[in-house]
């Protein structure tokens, strides 16, 4: 597996193209918090596979293009607040693939800060959870705020 430093990827367009083809497993995007609307600056091959979009269709855009009619706008409001305040977010969101197919997305957004504490990037990790949904517990939450419809072994981890 080839590893790219995000600084190197951003500085050299040929690295962006090469990095976009590396299968690193997890599904994530990196957005630039220093630019208006936090455009995506990098997306993993897993993200392209999950959503059906290509690098050209994703890089430079805000993730809003994944939203649609059944997206929970209360969750979107929580995401906006987290981004505005430089905080983390974890929740379930109804999004749409390029094909128009809806999917449930367990989304975790984490801010990346520089030495003075300014948010410079966000990493958004996604897990498609359609196959883990239990109809009755669709919106029920555990005391820790995570959906009851997910159990520990359901969510892929980096070390599995």
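Numbering (the UniProt record's numbering), first residue to last: 1 to 160.
C-beta atoms are modelled at their ideal positions from N, C-alpha and C, and glycine is treated no differently.
All figures in this text were calculated on a predicted structure; none of them were measured in a lab.
Are there 16 or more other CB atoms within 10 angstroms of the CB of residue i, so buried, or fewer, so exposed?
i, result
"residue 88", "exposed"
"residue 31", "buried"
"residue 141", "exposed"
"residue 121", "buried"
"residue 171", "Lying outside 1 to 160, the shown extent of the chain, residue 171 is not represented and no answer is given."
Look at the alpha carbon of residue i and the alpha carbon of residue j, and state the distance between them as a whole number of angstroms.
i, j, result
"residue 59", "residue 45", "12 Å"
"residue 79", "residue 38", "12 Å"
"residue 96", "residue 50", "10 Å"
What first and last residue would you give for the alpha helix (DSSP H) that runs through residue i?
i, result
"residue 49", "45-51"
"residue 78", "73-85"
Among the options, which residue has its Cα nearest to the Cα of residue i?
i, options, result
"residue 119", "29, 34, 81 and 64", "34"
"residue 83", "144, 42, 113 and 49", "113"
"residue 93", "43, 52, 36 and 73", "73"
"residue 99", "78, 116 and 65", "65"
Can a CB atom of chain C be found closer than 8 Å to the CB of residue i?
i, result
"residue 81", "Absent here is chain C; the protein component of the structure consists of one chain."
Could you give the residue range of the beta strand (DSSP E) that holds residue i?
i, result
"residue 31", "27-32"
"residue 98", "Unbroken run through residue 98: none, as it is neither H nor E."
"residue 57", "Per DSSP, residue 57 belongs to no beta strand (DSSP E); it is in the alpha helix (DSSP H), 55-58."
"residue 128", "119-128"
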